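Going line by line, the protein sequences match chains D and C.
So the first sequence is numbered by the working numbering: it starts at 1 and just counts up by one.
So the second sequence is numbered by the working numbering: it starts at 67 and just counts up by one.
We treat Cβ as the ideally placed atom computed from N, Cα and C, and that holds for glycine.
Owing to the predicted nature of the structure, the values given are computational and were not obtained by experimental measurement.
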Amino acid sequence: MVHMCTIVPISMTVGANRIVPTVAIPFPLGNPELSGEEEKTLRRGLVERALRALATEVDGQTVFEN
Amino acid sequence: MSKKRVVHYINQFFAQIGGEEMAHVQPEYREGPVGPGLAFNASFGEHAEIVGTVICGDSYFNENMEEAKAELIEMIDAAKPDLFIAGPAFNAGRYGVACGAIAEAVQQQLNIPVLTGMYEENPGADMYKTNVYIISTRNSAVGMRDAVKKMSALALKMLRDDTIGSSIEEGYIPQGIRVNLFEKERGSKRAVDMLLKKLKGEPFTTEYPMPDFDRVDPRPAVKDISKAKIALVTSGGIVPLGNPDHIESSSATKYGKYDLLGVDDLTQATYATAHGGYDPSYANADADRVLALDTLREFEAAGKIGSLYRYFFSTVGNGTSVKSAKAFAEDFSKELIKENVQAVILTST
Numbered sequence: 001m002v003h004m005c006t007i008v009p010i011s012m013t014v015g016a017n018r019i020v021p022t023v024a025i026p027f028p029l030g031n032p033e034l035s036g037e038e039e040k041t042l043r044r045g046l047v048e049r050a051l052r053a054l055a056t057e058v059d060g061q062t063v064f065e066n
Numbered sequence: 067m068s069k070k071r072v073v074h075y076i077n078q079f080f081a082q083i084g085g086e087e088m089a090h091v092q093p094e095y096r097e098g099p100v101g102p103g104l105a106f107n108a109s110f111g112e113h114a115e116i117v118g119t120v121i122c123g124d125s126y127f128n129e130n131m132e133e134a135k136a137e138l139i140e141m142i143d144a145a146k147p148d149l150f151i152a153g154p155a156f157n158a159g160r161y162g163v164a165c166g167a168i169a170e171a172v173q174q175q176l177n178i179p180v181l182t183g184m185y186e187e188n189p190g191a192d193m194y195k196t197n198v199y200i201i202s203t204r205n206s207a208v209g210m211r212d213a214v215k216k217m218s219a220l221a222l223k224m225l226r227d228d229t230i231g232s233s234i235e236e237g238y239i240p241q242g243i244r245v246n247l248f249e250k251e252r253g254s255k256r257a258v259d260m261l262l263k264k265l266k267g268e269p270f271t272t273e274y275p276m277p278d279f280d281r282v283d284p285r286p287a288v289k290d291i292s293k294a295k296i297a298l299v300t301s302g303g304i305v306p307l308g309n310p311d312h313i314e315s316s317s318a319t320k321y322g323k324y325d326l327l328g329v330d331d332l333t334q335a336t337y338a339t340a341h342g343g344y345d346p347s348y349a350n351a352d353a354d355r356v357l358a359l360d361t362l363r364e365f366e367a368a369g370k371i372g373s374l375y376r377y378f379f380s381t382v383g384n385g386t387s388v389k390s391a392k393a394f395a396e397d398f399s400k401e402l403i404k405e406n407v408q409a410v411i412l413t414s415t
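Here you go:
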C-alpha cells in the first residue's frame, strides 16, 4: 500500500510505511492553476512515484519525496 | 424509608430460557429479580429492590423494535418503578442494542432514571451512549461482578438524586458531553508542569488521551509492477454523482464499492466528492484530482501496471473514527486479498 496524501505527519502518525506527498488537501493529484494537460502530467508524475514506492523495499516508514 | 422500586430488563439467555434458539421469545414480566437481577438486589441492600423483571428475546426485540418497546413499556409502567436498569449486555450486539433502546424509551416515556451496561465496542454503545448512561463493562460475563458493582453504585446515586460525576469517576462510557469547569491552575502552568515531568521521565497524566494508532511492518516490494493488479482506495469521499449510498460528509458510518468497468475518466457529470472537510469544488470538477483513475487507465493500457482492479473503495475520512476506518478496511481488504490484488494506492485529502 502506498499512501498519497498532503499532510505527511498525519500519514506518519497513523503508520503508513510508503508515503508520497501530494499537492494540496483539496486537490492532492491536481492543480487548478495549471492547464488540463499540465495537470495530467503532474498527476502522472505523482502516480509513477507511487508505483515506484510500491516496488521499493523499505524497512520502516519512508517518504518518497521524488 | 421504603425501598425504591427497580425494574430490570434481561434477555432470554440471562433469564435462562435458552440461547439463540430462544432469541425469538416475546416480552414477558416476572415478579422479583431473575438471573443477574439477584446480584443487583444484593448490592442494593436496604435502599432498593428489583420488584419485577422484563424479559425479551434478542431477535424478537431487534426485529420488532416498536412493538417490543411498546409491550415492554406497558409492563414496566405497571410495576411503577423508581428506576430502570437493563443488562449488562457485555459484547452481545443485539442485547446491547435492546438494552440501549429500551432504556432510552423508558427514560423518554416514563420519565424515570435509567441505566445500562455493555462493552464499549458493543454497537449499542455508540448508538445510545449520548442519551443513556451506559456503564463500561468487560466484553463477557466474566465481568459480571465488576459490572454489577458499578451499575449498582450509579443506580443508587441516581435514586438519591445525587449529582452524577464525569465518565471517568462513575465508570460510564463517555457521552461526548462537554462540561465547562474551572481548573485550579491555568493551562500554561499545567502544560509546563506536564512537560517538566515528561523531560524528567516522571509519570504524568494526559488531559487528552490520543487514539492508539498501531503499526504494521512494511510489506515486501511488489516484484514486477508491470504485472501487478492494483486497486484504488480513497478517504477523500469520491463517489458516483448523487452519492447513491449516502456516505456521510462527516463521521462516515460506511464505505462504498464502485464499479470502474468501462470508466476511463472521472468527470463532473459522473463523479463528485461527498467529503465535507475540504473545499469540494476541485474534486467535483474533476475527481481524478483525488482518485487518479485516468492515469491508472493510461498506465494499464501502456503496460506500466498489470491491471487496475475493477472496483474502487471510498469513504469520507472527515471525523470518521479510527475504529470505523479500521473496520471498513478490514472488511474490503478481504475482497482485495481474495481477488489477488497485489497493491493499493490510497489517496487522502
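For the options C:Ser380, C:Asp227, C:Ala105, C:Leu332, the alpha carbon positioned closest to that of leucine 362 of chain C is the one of C:Leu332. For the region 354-367 of chain C, residues whose beta-carbon sits nearer than 9 Å to a beta-carbon of chain D comprise Asp354, Arg355, Val356, Leu357, Ala358, Asp360, Thr361, Leu362, Glu364, Phe365. Burial is judged here by how many other beta carbons sit within 10 angstroms of a residue's own beta carbon; methionine 276 of chain C has fewer than 16 and is exposed. Between the C-alpha atoms of glutamate 268 of chain C and lysine 135 of chain C there is a straight-line separation of about 52 Å.
Just so you know, the alpha carbons of valine 356 of chain C and alanine 158 of chain C end up roughly 39 Å apart. The DSSP-derived three-state label of threonine 62 of chain D is strand.
The C-beta distance from isoleucine 296 of chain C to isoleucine 411 of chain C rounds to 6 Å, short enough to fall under 8 Å. The beta carbons of asparagine 128 of chain C and valine 163 of chain C sit closer together than 9 Å.
In this structure, the beta-carbon distance from phenylalanine 379 of chain C to valine 47 of chain D does not fall below 9 Å.
Annotation: alanine 144 of chain C to glycine 118 of chain C spans about 10 Å, alpha carbon to alpha carbon. For the pair proline 28 of chain D and tyrosine 377 of chain C, the Cα-to-Cα distance works out to about 21 Å. Within chain C, Tyr348, Ala349, Arg355, Val356 have C-beta atoms less than 8 Å from the C-beta of phenylalanine 27 of chain D, given in sequence order.
Rounded to the nearest angstrom, the gap between the Cα atoms of asparagine 77 of chain C and glutamate 86 of chain C is 11 Å.
Listed in chain order, the beta strand (DSSP E) runs fully inside the region 301-373 of chain C are 304-306, 322-325, 337-339, counting runs of at least 3 residues.
Secondary structure note for tyrosine 161 of chain C: its alpha helix (DSSP H) is the uninterrupted segment 159-176. About 21 Å separates the Cβ atoms of proline 147 of chain C and methionine 184 of chain C, ruling out a contact at the 8 Å cut-off. A direct Cα-to-Cα measurement between alanine 368 of chain C and glutamine 334 of chain C gives close to 25 Å. If you check the CB distance, phenylalanine 110 of chain C and leucine 220 of chain C do not come in under 9 Å.
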